[in-house]
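Everything on this sheet refers to the single structure shown next.
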Amino acid sequence: MTTDTECLVLTQQLRRRGAVVLAVFALVWACAAGSGLASTTVSVAVGGVGAALTVAAVVVAFRGAAGPARRTVRLPEKWNRGVGLVNAVEVVAIFAVIAASNATGHAELIPPGICLVVGLHFFPLARLFDQWQYTWTAVLLTVVAVVGTAVALAGSTDESVRVVVGAGAAVVLWLSSFHVAVRG
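In this text, residue positions in the sequence shown follow my numbering: the first is 186, and each later residue adds one.
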């Protein structure tokens, strides 16, 4: 049996971890976007802004800008096993996207394919972490993936696809990070 204090501590820890993980992966997507830019100066600037946003999200998460948790999470039984399974399926699906895209000669579909996998994995995570805002994270990342696929199928360059998908995914993940850090 857990106490109310233990539940509040776990809620705060999960909120912080979630905000940090979201911010770090937002930075990864921002770097992917920057890699598609022709100008090295602009690419470096994107990375710098991305790093600053990531640091800001981590600081907000650890300073407890939201104060005490407004509600405690209600985790399903064996939630951590479920999270591990969802993340394992995500990794396998990402490798499958990469392999299938390369095998068919459509490397331009790798960024939107990965974005789709990442977006879809947030649907079960919303329930497993009792963080329902992850549902809108899932929806928005799926929209970014669809837009990226449309850009790729329209004949845009691989670089343009990386910019569109990378920037879109980064923004969604940073917004989610700040939301989790501030609102819980």
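We treat Cβ as the ideally placed atom computed from N, Cα and C, and that holds for glycine.
Cβ-based neighbour list, residue i, same chain, cut-off 7 angstroms, excluding 5 preceding and 5 following
i	result
V329	C300, V350, G353, A354 and V357
M186	Caution applies to M186, whose pLDDT of 43 falls short of 50 and renders its modelled position unreliable; the value that the coordinates give is listed next. If we look at M186 and ignore the five residues flanking it on each side, it has no Cβ neighbours.
A217	P296, R347 and G351
Given residue i as reference, the closest of the options once Cα atoms are compared
i	options	result
P297	G232, T239, I283 and V227	I283
L195	D315, L207, V227 and F280	D315
L131	R347, V348, L326 and T334	The structure shown does not extend to residue 131, since the chain is modelled only from 186 through 369, so no value can be given for it.
N272	V302, A285, T320 and L199	V302
W214	V277, S286 and V234	V234
Buried or exposed (CB count within 10 angstroms, at least 16 for buried), residue i
i	result
V229	exposed
E293	buried
R266	exposed
F247	exposed
Cβ-based neighbour list, residue i, same chain, cut-off 6 angstroms, excluding 5 preceding and 5 following
i	result
G203	V365
L238	W359
G219	S228, V231 and G232
Y319	F307, L310 and A311
Distance, residue j Cα to residue i Cα
i	j	result
H291	D343	10 angstroms
T190	A339	54 angstroms
V367	V243	11 angstroms
A337	G221	13 angstroms
A323	G333	15 angstroms
L313	L260	6 angstroms
T226	A241	22 angstroms
Own chain residues within Cβ distance below 8 angstroms of residue i, not counting five before or after
i	result
R201	A246, F247 and A366
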